[in-house]
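Remarks on the structure that follows.
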Amino acid sequence: MSATSSPAAPSPGAASATGPVLELRDVTVTFGGVTALSGVGLAVRPHQVLGVIGPNGAGKTTLFNVACGFVTPDTGTIVREGRELGRLHAHQLAGLGMARTLQGLGLFDRMSVLDNVVVGADRHASVGFLGSLLALPRAAREERELRERARAVLEELGIAAYADRYPPSLPYPVRKRVALARALAAEPTLLLLDEPASGLSADEMDELGDLVRSLTDRMSVMLVEHHMDLVMRVCDEITVLDFGRVIAHGTPAEVRDDPAVLAAYLGEVVGDEDAPGALPATPEGGR
Numbered sequence: 001m002s003a004t005s006s007p008a009a010p011s012p013g014a015a016s017a018t019g020p021v022l023e024l025r026d027v028t029v030t031f032g033g034v035t036a037l038s039g040v041g042l043a044v045r046p047h048q049v050l051g052v053i054g055p056n057g058a059g060k061t062t063l064f065n066v067a068c069g070f071v072t073p074d075t076g077t078i079v080r081e082g083r084e085l086g087r088l089h090a091h092q093l094a095g096l097g098m099a100r101t102l103q104g105l106g107l108f109d110r111m112s113v114l115d116n117v118v119v120g121a122d123r124h125a126s127v128g129f130l131g132s133l134l135a136l137p138r139a140a141r142e143e144r145e146l147r148e149r150a151r152a153v154l155e156e157l158g159i160a161a162y163a164d165r166y167p168p169s170l171p172y173p174v175r176k177r178v179a180l181a182r183a184l185a186a187e188p189t190l191l192l193l194d195e196p197a198s199g200l201s202a203d204e205m206d207e208l209g210d211l212v213r214s215l216t217d218r219m220s221v222m223l224v225e226h227h228m229d230l231v232m233r234v235c236d237e238i239t240v241l242d243f244g245r246v247i248a249h250g251t252p253a254e255v256r257d258d259p260a261v262l263a264a265y266l267g268e269v270v271g272d273e274d275a276p277g278a279l280p281a282t283p284e285g286g287r
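Each residue of the sequence shown is one higher than the one before, starting from 1 at the first, in UniProt numbering.
This is the structure:
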């Protein structure tokens, strides 16, 4: 496995004849003369969990923001299901079959949990604002359908009991699930998760891992995360960044044993310290 800007060959079973659902090709981003990403490439394949990891300052957040349309790269290409996109804006994600969660949650504090999730489901609405304002019968029917969709997602994530509560009154792990429910309500084919394990206990992280794996029967997942035990457990392939460049790509076992990856990290090993090639952990909060 070489340190290149392009993904290595996919692991057996990870590829699909239909090709990647998302590709970033030769992406470079600079901020005030500082290069955050340099010639970075990656590919998320159908029904795959792709992890993006790296030590402090590696460029993970910038890469995630490029994929979400929050940051426009100086050079490079974003390709969605074989179609090259122009300048991508965050509000276009739903229409492209993409949904995201953010570390900062971004929930609406003055809306109930159910209404927050309905916002995610709203991409399936067809009546529009005027139809809702005029209370057309079709608009009322659509509203019921969206709320049913939102309740089903809350049920799936085990938080239906909080439907009528407001986010500020909820424990942080529950709010994390509400943010995930809002993304899932859009029924994406590609889910982008930014630090989904932050603030979770070990048991909650295990539940999150089970959930992420269960999603792959209906979508692909791109996961930016610094909890190495979660990454190693749930990801099919991992792309490793350091100082804005891809230094490794491969299966969890390949990445764990890669000398370039081990050299990039400082810290204590995660999990079984006696395990051969155990990967050091990123310092808490490392981005």
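Quick reminder that beta carbons are idealized off the backbone N, C-alpha and C, glycines included.
Helix, strand or coil for residue i per DSSP?
{"i": "Asp-77", "result": "In the sequence under discussion, the amino acid at residue 77 is Thr, which differs from the Asp named in the question. Strand."}
{"i": "Phe-31", "result": "strand"}
{"i": "Gly-19", "result": "coil"}
{"i": "Gly-258", "result": "According to the sequence provided, residue 258 is Asp. The question's Gly does not apply to it. Reduced to three states, the DSSP call for Asp-258 is coil."}
{"i": "Ala-150", "result": "helix"}
{"i": "Val-40", "result": "strand"}
{"i": "Glu-225", "result": "coil"}
{"i": "Asp-26", "result": "strand"}
{"i": "Gln-92", "result": "helix"}
{"i": "Tyr-162", "result": "helix"}
{"i": "Arg-177", "result": "helix"}
{"i": "Leu-211", "result": "helix"}
{"i": "Met-232", "result": "helix"}
{"i": "Gly-120", "result": "helix"}
{"i": "Asp-206", "result": "helix"}
{"i": "Gly-128", "result": "A caution first: Gly-128 carries a pLDDT of 47, below 50, which makes its placement in the model unreliable, though a value can still be read off. Here Gly-128 sits in helix by DSSP."}
{"i": "Ser-169", "result": "helix"}
{"i": "Thr-72", "result": "coil"}
{"i": "Asp-109", "result": "coil"}
{"i": "Arg-144", "result": "helix"}
{"i": "Arg-182", "result": "helix"}
{"i": "Leu-157", "result": "coil"}
{"i": "Ala-264", "result": "helix"}
Any idea which residues DSSP pairs residue i with across the strands?
{"i": "Ile-53", "result": "Val-240"}
{"i": "His-249", "result": "Thr-239"}
{"i": "Ser-220", "result": "Leu-190"}
{"i": "Thr-101", "result": "Leu-193"}
{"i": "Glu-84", "result": "Val-79"}
Among the options, which one has its Cα closest to the Cα of residue i?
{"i": "Thr-239", "options": "Arg-233, Asp-229 and Thr-251", "result": "Thr-251"}
{"i": "Gly-19", "options": "Asp-257, Pro-46, Glu-84 and Gly-32", "result": "Pro-46"}
{"i": "Ser-38", "options": "Ala-260, Ile-247, Glu-254 and Ala-253", "result": "Ile-247"}
{"i": "Phe-243", "options": "Gly-54, Leu-96 and Leu-215", "result": "Gly-54"}
{"i": "Phe-64", "options": "Ala-99, Arg-213 and Asn-116", "result": "Ala-99"}
{"i": "Val-118", "options": "Glu-187, His-89, Gln-92 and Asp-236", "result": "Glu-187"}
{"i": "Arg-147", "options": "Gly-120, Pro-168, Tyr-166 and Leu-157", "result": "Gly-120"}
{"i": "Val-221", "options": "Val-255, Arg-245, Glu-207 and Ala-183", "result": "Ala-183"}
{"i": "Leu-102", "options": "Glu-195, Ala-90 and Ile-78", "result": "Glu-195"}
{"i": "Glu-81", "options": "Gly-97, Asp-203 and Thr-72", "result": "Gly-97"}
{"i": "Asp-74", "options": "Val-113, Ala-43 and Gly-33", "result": "Gly-33"}
{"i": "Ala-197", "options": "Leu-190, Gly-41 and Asp-206", "result": "Asp-206"}
{"i": "Met-111", "options": "His-226, Val-178, Glu-142 and Val-71", "result": "Val-178"}
Round the Cβ separation of residue i and residue j to the nearest angstrom and send it over; I've been treating them as touching at under 8 Å.
{"i": "Leu-200", "j": "Pro-171", "result": "Not quite, the Cβ-Cβ distance comes to about 11 Å (not below 8 Å), so this is no contact."}
{"i": "Gly-69", "j": "Ala-90", "result": "4 Å"}
{"i": "Ala-181", "j": "Arg-149", "result": "Incorrect: roughly 11 Å between the Cβ atoms, too far for contact."}
{"i": "Pro-167", "j": "Asp-109", "result": "5 Å"}
{"i": "Lys-60", "j": "Val-231", "result": "Going by Cβ atoms, the distance from Lys-60 to Val-231 rounds to 11 Å, so no, they are not a contact pair."}
{"i": "Val-44", "j": "Val-29", "result": "Actually they do not touch by this definition, with Cβ atoms about 19 Å apart."}
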